[in-house]
Structures are given as C-alpha cells and as structure tokens.
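Peer 1: I'd like to ask some things about the structure below.
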Amino acid sequence: MRKMLTGVLSGLFIAGLAIPAMSQSRETVHFASGNDNAAVDASIKGHEYRDYILGARGGQTMSVSLITKGTAYFNILPPGSNDVAIYNSSINGNDATIKLPKDGNYTIRVYLMGNDKDAGKTVKYTLSMTIM
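Residue -1 in our numbering sits at position 7 of the sequence shown, with consecutive numbering throughout.
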C-alpha cells in the first residue's frame, strides 16, 4: 500500500511540474471622485491573466479600450461568470462599448494569445475603462 501511495504521489508531483501554473491577479477598480473612467498601465506574461473588477448597474454603458504592442486581449465577464464573456476582444477588437444587462460586478480579464503566450513573453498594456 505504501509503495502504491508513493507512486501515486510521485505521479501527481511529476504531472504538476508538466502543467504550467496559471498566475492571476484581481484588482477592484475605483473611479476618482467625479470621474466616470479609470486607466491602468500594467504588463502580463505568458499564461497569466489579470482581472479588473468594476461595479455597475444594468442599463449603464461600459467602454473598454486596450492599447498594446503585443497579442494582449480582454474579455468582459458579467456578474457571476467565471469564464463566459459578453465581449471578447480577440474576436471583436480591442475597443468595446456595451450596454450592461444587469447590476453587479463586471470583470475585465486581460490575457495573452499566440506566440506571446506560448513563449512566456511579457507584454505591456494600457487598459482604459469607462462606465456611463
């Protein structure tokens, strides 16, 4: 039994080394008093992704713009979603304006694709967010 347990644990350890860990950061975005927008200058590397959380009401309009020289993109996730986007910039472009369907916390997830992701490249970006 002990030999079998050691083999299973060794297999899990080896499998864990073979699968790259996905880093993630979460940041709640607060607009300065009197402003309806905010911008973030940051960078992302390889398989990482960064989440920016904004509270909003249904019926408001959210605009998001991503400026980058790499293959960085963003998704807008509605309240309660972990991975189903209501906007995908890798398909629809790095400038979005959408009417929000419901109240809650929306997530703007920035991530890399293609060679930048696979090679573990670090890509700088500016993310601009507005809620009206």
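For each residue, glycine too, the CB sits at the ideal point set by N, CA and C.
Within a Cβ cutoff of 6 Å, which residues of the same chain sit near isoleucine 59, ignoring the five residues on either side of it in sequence?
Peer 2: Position 67 of the sequence shown, counting from 1, holds the residue named residue 59. Within the same chain, isoleucine 59 has close Cβ partners Thr118.
Peer 1: Among Asn67, Arg18, Ile36, Arg49, which has the Cα closest to the Cα of valine 56?
Peer 2: Residue numbering aside, residue 56 sits at position 64 when the sequence shown is read from its first letter. The candidate whose alpha carbon is nearest that of valine 56 is Asn67.
Peer 1: Under the DSSP definition of a beta bridge, which residues are partnered with lysine 61?
Peer 2: Locating residue 61 in the sequence shown gives position 69, counting from the first residue. DSSP output for lysine 61 lists no bridge partner at all.
Peer 1: Kindly indicate the opening and closing residues of the alpha helix (DSSP H) around serine 25.
Peer 2: Taking the first residue of the sequence shown as 1, we reach residue 25 at position 33. Note, serine 25: premise wrong, no alpha helix (DSSP H); not H, not E.
Peer 1: Quick check on alanine 13: buried or exposed, where buried means 16 or more other Cβ atoms within 10 Å of its Cβ?
Peer 2: In the sequence shown, the residue the question calls residue 13 occupies position 21. Since pLDDT at alanine 13 reaches only 42, below the 50 mark, its modelled position is unreliable, and no value is offered.
Peer 1: Going by beta carbon distance, what residues of the same chain come within less than 8 Å of glycine 112, once the five residues before and after it are set aside?
Peer 2: Indexing the sequence shown from 1 puts residue 112 at position 120. Taken in chain order, the residues that qualify are Lys37, Gly38, His39.
Peer 1: Rounded to a whole number of angstroms, what is the C-alpha to C-alpha distance between valine 32 and alanine 77?
Peer 2: Here residue 32 corresponds to residue number 40 of the sequence shown, with the count starting at 1. Here residue 77 corresponds to residue number 85 of the sequence shown, with the count starting at 1. Each residue's alpha carbon lies about 21 Å from the other.
Peer 1: Report the option in Ala88, Ser25, Phe23, Arg42 whose CA atom is closest to the CA atom of methionine 54.
Peer 2: Looking up residue 54 in the sequence shown gives position 62. Here the closest residue by C-alpha is Ala88.
Peer 1: Tell me methionine 121's beta-bridge partners as DSSP assigns them.
Peer 2: Position 129 of the sequence shown, counted from the start, is the residue given in the question as residue 121. Paired residues: Ala30, Val56.
Peer 1: Does the separation of the CB atoms of glutamine 52 and methionine 105 fall below 8 Å?
Peer 2: Working through the sequence shown from its first residue, we reach residue 52 at position 60. Working through the sequence shown from its first residue, we reach residue 105 at position 113. No, the pair does not count as a contact, with Cβ atoms beyond the cut-off.
Peer 1: Would the beta-carbon of arginine 101 fall within 8 Å of that of aspartate 43?
Peer 2: Here residue 101 refers to the residue found at position 109 when the sequence shown is read from its first residue. Here residue 43 refers to the residue found at position 51 when the sequence shown is read from its first residue. Closer than 8 Å, so yes.
Peer 1: Just to confirm, is the Cβ distance from isoleucine 45 to threonine 99 under 8 Å?
Peer 2: The residue given as residue 45 occupies position 53 in the sequence shown. The residue given as residue 99 occupies position 107 in the sequence shown. In contact: isoleucine 45 and threonine 99 (Cβ atoms closer than 8 Å).
Peer 1: Spatial neighbours of valine 21 within its chain, please: CB distance less than 7 Å, with the 5 preceding and 5 following residues excluded, ordered by chain position.
Peer 2: Stepping through the sequence shown from its first residue, residue 21 is reached at position 29. Excluding sequence neighbours, valine 21 sits near Ala30, Tyr44, Ile45, Leu46, Met121.
Peer 1: Helix, strand or coil for serine 73? Go by DSSP, reduced to three states.
Peer 2: Against the sequence shown, residue 73 aligns to sequence position 81. Looking at serine 73 - three-state DSSP - the assignment turns out to be coil, as it is neither helix nor strand.
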